[in-house]
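Residues -23 to -1, 1 to 456 in mature numbering (1 follows the signal peptide of the UniProt record, and there is no 0) are what the sequence shown lists, from first letter to last.
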Amino acid sequence: MTRRRALLLATPALLAAPGVLRAQSLTIRQDDFVAPGWTRGVLIRWGDRVTFDAPPWTPQQPTAEAAGAQFGWDARMVAVVTPGPQSDGVPRALLVVAHPTVNAAMAFPGGRDVPAIAGAMQGVSIVNLERRGRNWEVVDGGFQNRRLTATTLCRMGADGGPVAGIAGVTGGCATPWGTLLLAEGGAAEWRQRLPGLDANAVGMLVEVDPSDPSFVPVKHAATGRFGPVDAAAALSEDGRAVVWMTDGRPGGYLYRFVSDGTAGIGALDAGRMAAARIEGGNLRWVTLPQGNPMAAARDAGATAFDGAAGLAYEARRKRLCVAIRGGAGRVLDIRMAAGNAAADTAIAEVLVEGREAPVQPTRRNEAPAAVPAWPWAPATLGFDGDGALLIGTDRGARPGALPEAFYRVPAEGGAPALVVATPVGAAAGGAAVAPDGTVLAAIAHPGATPGANWAQPATRWPNMQPDEPPRSTIVTLAR
């Protein structure tokens, strides 16, 4: 069962399998499954219009120009930026979604990769939302709607020169100083795939002003070039910017960057990097010298993790949660000393222990047995309006009997409760909340099982039309 206990060692061997609890049972299926008490809607899908001049979606004949104006192929990070009160009283928000990958076999008829088009299908989408009646809708042609892709003009540092390309964004967050941070954790793939991409200009944190369509994204070398998988941000007690980052590779580390100056555009150009060392449930941030943060963290004796992934920070309770994907996976809950995000020490506990659900052998023509819903390989994290933790799972290519899903863990603790299970081949790509508490969640690359392709996907979710490929989709979830 879920329990909070001190983190003695950061290894999978620590985590005994939790006892079986009464829970919703699931099987892998072509459709999604919404838990009782929740209602699900569709907000935006791969190929839907983002910019005002986006053409209709024609998946059989994609072009780079069209893809660069439409919602991207994949869907990983979800962030919501809420503006101040509006004079007309209409609830509004900005939705930000990352598109880290493009599977050529699933995205292109015939399965042959077209790098220029793939580079436009990946990146980031930013769209205006309005609540109309009881539903949230994308504002068609919204003033702030835009795409960031492999050809987007950026600058290196707040005062640096121009560089081109945003690639492989796997995570990020909205910051308390009003910007977005985008983590280029999947940049390595695009360095090989896009010959014209400047290899030295990707694999960093990218900062964007979501409210200003003319803002040139800023790439921050000071926070490292190791390709962070995710990022979370907070303010220190004295107003400096604090950013946590994960290195998702086996043996990767949890990092923290604290700016030298007050939080704002340009603050992440100068500061101190540190890595987490955890012993007996006590966490200490070890300051790193300038240079290669991975080598410095190893030399400093920082704690290595098996697939550190999603991050989420809750300002009200001063808690940072970290998802670890390796093995069955787990979620760590880190409480800062005196509630100060820049403190040198913290307490680290295991909040949720994962449980594997391997494929069970069945007789011929026998349907697979349902298995209890429980997080396996937690990968993305977010908080809802009540302070409950939202966990999205993604075990990648590892076979199993359990579909990927979103779970909710109450702020006061307790067992993870199923919210929605994804269709076959899909991952739970990230979740955030709208101003009214509606959960906006990414169901990524449905139908993309090993061996599946454009002509023969494992599902055609969400529309289930025989002439339409499956589509990554942002869904709304309300209670």
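Each residue gets a CB set at the ideal place from its N, CA and C atoms; glycine is no exception.
Reducing DSSP to helix, strand and coil, say where A408 ends up. strand
query: Do the CB positions of E107 and P68 come within less than 9 Å of each other?
result: yes
Original post:
Taking the alpha helix (DSSP H) that P227 falls in, what are its first and last residues?
Top reply: P227 -> not in any alpha helix (DSSP H); beta strand (DSSP E) instead, spanning P227 to G229.
Q.
Which of the three DSSP states is assigned to L(-3) in this structure?
A. Since pLDDT at L(-3) reaches only 41, below the 50 mark, its modelled position is unreliable, and the value read off the structure follows with that caveat. Correct three-state label for L(-3): coil.
- Query: For Q47, which beta-bridge partners are listed by DSSP?
  - Reply: DSSP lists R26 as partners of Q47.
Q) Skipping 5 residues on each side, what residues in its chain have a beta carbon closer than 8 Å to that of A347? A) S2, L3 and T4
(message) For I311, list the residues DSSP reports as bridge partners.
(response) L297 and A325
May I ask you to list the residues that DSSP assigns as paired with D65?
DSSP lists no partner for D65.
Cut-off 7 Å between Cβ atoms - residues of its own chain near Q47, not counting five sequence neighbours on either side:
Same-chain partners within the cutoff: G24, D25, R26, V27, A31 and W34.
Under the rule that 16 or more other beta-carbon atoms within 10 Å means buried, what is Q99, buried or exposed?
-> buried
Give me whichever residues DSSP pairs with D186 in a beta bridge. DSSP output for D186 lists no bridge partner at all.
Are the beta-carbon atoms belonging to E218 and T152 less than 9 Å from one another?
-> With the sequence shown as reference, residue 218 is identified as Ala, and Glu is not the correct amino acid for it. Closer than 9 Å, so yes.
| Just the Cα atoms here: how many angstroms apart are N177 and E166? | One alpha carbon belongs to N177, the other to E166, and they sit about 13 Å apart.
| Integer-rounded CB distance, given that A435 should sit under 8 Å from G401 | Note on identity: in this sequence residue 401 is Val, with Gly being the wrong assignment. Contact flag correct, Cβ pair sits at about 5 Å.
Counting along the chain, where does the beta strand (DSSP E) carrying P355 start and finish?
Counting along the chain, the beta strand (DSSP E) containing P355 begins and ends at P355 to F360.
| request: Run the CB neighbour count on M441, radius 10 Å, all protein chains shown included, and call it buried at 16 or more, exposed below. | output: So M441 counts as exposed.
Quick one: grab the DSSP three-state call for L395. strand
For R168, which of helix, strand or coil comes out of DSSP? DSSP places R168 in helix when its eight states are reduced to three.
Residues bridged to A218 [DSSP beta-bridge criterion]: L212
**Study point:** Whole-angstrom C-beta distance between G180 and V206, which should lie under 8 Å
**Key:** No, V206 and G180 are not in contact; Cβ-Cβ is about 11 Å, not under 8 Å.
| Would DSSP call P270 helix, strand or coil? | helix
C-alpha gap between G241 and G49, whole angstroms:
29 Å
| message | At a cut-off of 8 Å, would you count P266 as near the ligand ATP, judging by its Cβ distance to the nearest heavy atom? | response | Only the bare structure without any ligand can be found here, which leaves the ligand ATP out of the picture.
Using 8 Å as the Cβ pair cut-off and three pairs as the minimum, do the stretch 57 to 66 and the stretch 76 to 92 touch?
-> no
What is the DSSP secondary structure of L71, reduced to helix, strand or coil? strand
Check: From which residue to which residue does the alpha helix (DSSP H) around I94 run?
Finding: P92 to M98
(request) Give me the Cα-Cα distance between Q37 and A95, rounded to the nearest whole angstrom. (result) 14 Å
Only counting the same chain, and skipping five residues up and downstream in sequence, which positions put a Cβ closer than 7 Å to that of R261? R254, D321 and T322
*9 Å Cβ cutoff met for L158 and A208*: A208 sits close to L158, with the two beta carbons spaced by under 9 Å.
Just checking my contact of D237 with A247 at CB under 8 Å: how many whole Å lie between their CB atoms?
Rounded to the nearest angstrom, the Cβ distance from D237 to A247 is 5 Å, consistent with a contact under 8 Å.
Worksheet item: Does the Cβ-Cβ distance between M83 and G406 come in under 9 Å?
Response: no
Note to self: Can you give me the C-alpha to C-alpha distance between E161 and F120, rounded to a whole angstrom?
What the structure shows: 26 Å
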